[in-house]
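So the sequence shown is numbered by the working numbering: it starts at 93 and just counts up by one.
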Amino acid sequence: MPIEFLGSDTLTIYSFGAMMAVAFLVAAWLMQRELNRLYNEGRLGPVRMRSKEKGRKQHFVEASPAALVGTVTVIAVVAGIVGAKIFHILENWGEFMADPRGMLFSQGGLTFYGGLLFAAVGIVWYVRKHNVNLPIFADVTLPTVMLAYGIGRIGCHLAGDGDWGIPANVEAKPGFLPDWLWSETYPNNILGVTLPESGVYPTSIYEFLMAAALFAVLWSLRKHPFRTGWLSSLTVLFFGVERLLIEQIRVNNVFEFLGMEVTQAEVISVIMIVLGIAGLIFTTRRKPQ
């Protein structure tokens with residue numbers, strides 16, 4: 093989207109990239125804040141970091157695990173984009189074979205679950221390298237990912253990157269809802285496609301609202317009395333339920349699985365729901381005194 097810069101020329105700012113940057117920065121700030129809290133309470137030990145002092149022989153100093161957040165964020169960005177693109181290609185293999193270059197370098201075409209998986213692998217490797225308690229780190233990180241996911245969906249909405257729903261049933265719209273919350277035509281979408289005149293469900297807005305609400309619940313529960321891993325298990329469950337619900341009105345490619353026509357996201361969502369419930373069963377016990 094072009095904006096006026098210094099009163100004359102225009103500076104092009106891509107809404108999707110801008111919102112992704114905001115999402116990562118907000119998540120990083122929240123992670124630093126929570127990691128520092130746990131470090132100050134003695135629940136997380138220090139990490140050894142190389143000293144950045146000039147003129148001194150290289151040595152290591154102890155610091156809060158929050159010092160790792162900068163590198164963790166970079167890993168999440170790079171690995172997340174690579175994973176999201178790979179999963180999108182796998183989900184749309186026919187289109188990729190028809191135009192590999194076009195799909196690889198398209199502005200859209202990112203699948204969240206692929207990004208989440210690749211980012212998780214990279215972050216786990218880095219965190220374990222610094223001997224940080226991984227379950228506690230997951231309890232800190234995953235809730236912030238929920239909020240970042242929602243903020244990123246605003247970028248999808250502004251860009252019109254194909255993250256939208258099926259044609260909206262205009263006649264069923266409740267009178268108290270504004271039109272933009274029920275249907276959207278995305279006239280300037282980056283895919284250049286023409287949508288039905290009645291519009292489609294703006295699922296990216298719905299996902300932002302759900303993610304923000306679920307994050308608020310998770311953040312309020314971060315001082316829960318249960319065992320380590322409980323909060324990350326609840327987050328995984330929330331992710332699965334949220335995406336499974338939105339897939340019912342979202343446009344996505346389907347394939348046959350166990351005799352049913354499902355989307356890739358639906359299969360992964362069910363797996364996440366099962367894993368989340370299993371995690372809650374094992375961690376819903378009070379911490380030892």
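Yeah, the Cβ is synthetic: ideal placement off N, Cα and C, and Gly gets one too.
For residue i, three-class secondary structure by DSSP
{"i": "Gly291", "result": "coil"}
{"i": "Gly332", "result": "helix"}
{"i": "Phe300", "result": "helix"}
{"i": "Gln124", "result": "helix"}
{"i": "Val139", "result": "strand"}
{"i": "Arg314", "result": "coil"}
{"i": "Arg342", "result": "strand"}
{"i": "Val285", "result": "coil"}
{"i": "Leu103", "result": "Reliability fails at Leu103, whose pLDDT of 47 lies under 50, so the model's placement of it is uncertain and the value that follows must be treated cautiously. The answer is strand: DSSP assigns Leu103 an E or B state."}
{"i": "Ile319", "result": "At residue 319 the sequence reads Arg, which differs from the Ile that was named. Of the three classes helix, strand and coil, the one that applies to Arg319 here is coil, per DSSP."}
{"i": "Asp253", "result": "coil"}
{"i": "Thr203", "result": "coil"}
{"i": "Glu133", "result": "coil"}
{"i": "Asp231", "result": "helix"}
{"i": "Phe210", "result": "helix"}
Close-in-space but distant-in-sequence residues of the same chain around residue i (CB under 7 Å, 5 per side omitted)
{"i": "Val125", "result": "Residue identity differs from the one stated: residue 125 is Arg in this sequence, not Val. Nothing meets the Cβ criterion."}
{"i": "Ile338", "result": "Thr295, Tyr298, Glu299"}
{"i": "Ser325", "result": "Gly368, Gly371, Leu372, Thr375"}
{"i": "Gly244", "result": "Met111, Met112, Ala115"}
{"i": "Ile178", "result": "Gly206"}
Straight-line gap, residue i to residue j (C-alpha atoms, nearest Å)
{"i": "Thr376", "j": "Gly332", "result": "19 Å"}
{"i": "Arg314", "j": "Asp231", "result": "8 Å"}
{"i": "Ile167", "j": "Trp121", "result": "16 Å"}
{"i": "Ile173", "j": "Gly207", "result": "6 Å"}
{"i": "Ala240", "j": "Leu306", "result": "12 Å"}
{"i": "Pro279", "j": "Gly254", "result": "12 Å"}
{"i": "Ala155", "j": "Thr165", "result": "18 Å"}
{"i": "Lys74", "j": "Pro157", "result": "The structure shown does not extend to residue 74, since the chain is modelled only from 93 through 381, so no value can be given for it."}
{"i": "Ile373", "j": "Pro192", "result": "44 Å"}
{"i": "Gly257", "j": "His249", "result": "11 Å"}
{"i": "Pro288", "j": "Pro270", "result": "18 Å"}
{"i": "Leu136", "j": "Ser290", "result": "53 Å"}
{"i": "Val237", "j": "Gly267", "result": "34 Å"}
{"i": "Leu226", "j": "Trp322", "result": "13 Å"}
{"i": "Thr203", "j": "Ile360", "result": "12 Å"}
{"i": "Gly194", "j": "Val169", "result": "22 Å"}
{"i": "Glu353", "j": "Asn345", "result": "10 Å"}
{"i": "Met111", "j": "Thr355", "result": "26 Å"}
{"i": "Ala308", "j": "Ala190", "result": "43 Å"}
{"i": "Asn223", "j": "Val161", "result": "14 Å"}
{"i": "Tyr131", "j": "Lys265", "result": "49 Å"}
{"i": "Thr233", "j": "Ala357", "result": "22 Å"}
{"i": "Ala159", "j": "Phe347", "result": "44 Å"}
{"i": "His151", "j": "Arg319", "result": "36 Å"}
{"i": "Ser312", "j": "Trp217", "result": "29 Å"}
{"i": "Ala119", "j": "Pro235", "result": "9 Å"}
{"i": "Thr277", "j": "Thr163", "result": "39 Å"}
{"i": "Gly117", "j": "Val366", "result": "Note on residue identity: the sequence assigns Leu, not Gly, to residue 117. Computed Cα separation, rounded: 30 Å."}
Contacting residues, own chain, Cβ-Cβ under 6 Å from residue i (five flanking each side not counted)
{"i": "Met364", "result": "Val328, Phe331, Gly332"}
{"i": "Leu209", "result": "Gly175"}
{"i": "Gly214", "result": "Ile167, Ala171"}
{"i": "Tyr293", "result": "Gly257, Ala260, Ile341"}
{"i": "Ala303", "result": "Met238, Tyr241, Gly242"}
{"i": "Gly247", "result": "Ser107, Phe108, Met111, Met112"}
For residue i: DSSP bridge partner residues
{"i": "Ala260", "result": "DSSP lists no partner for Ala260."}
{"i": "Val224", "result": "Beta-bridge pairing links Val224 to no other residue."}
{"i": "Met352", "result": "Phe349"}
Any non-hydrogen atom of the ligand COA within 6 Å of residue i CB
{"i": "Ala212", "result": "Among the components of this structure there are no ligands whatsoever, and the ligand COA is therefore not found."}
Limits of the unbroken beta strand (DSSP E) element including residue i
{"i": "Val153", "result": "152-155"}
{"i": "Thr375", "result": "Where Thr375 is concerned, there is no enclosing beta strand (DSSP E), although the alpha helix (DSSP H) it sits in stretches over 356-375."}
{"i": "Phe268", "result": "Here Phe268 belongs to no beta strand (DSSP E), and DSSP marks it neither H nor E."}
{"i": "Glu276", "result": "Careful: Glu276 lies outside any beta strand (DSSP E) and carries neither H nor E."}
{"i": "Glu348", "result": "346-349"}
Start-to-end residues for the alpha helix (DSSP H) that takes in residue i
{"i": "Thr163", "result": "161-183"}
Contact set for residue i: own chain, Cβ-Cβ below 8 Å, skip 5 residues either direction
{"i": "His316", "result": "Trp322, Leu323"}
{"i": "Val399", "result": "Residue numbering for the chain in the displayed model covers 93 to 381; residue 399 lies beyond these limits and cannot be assessed."}
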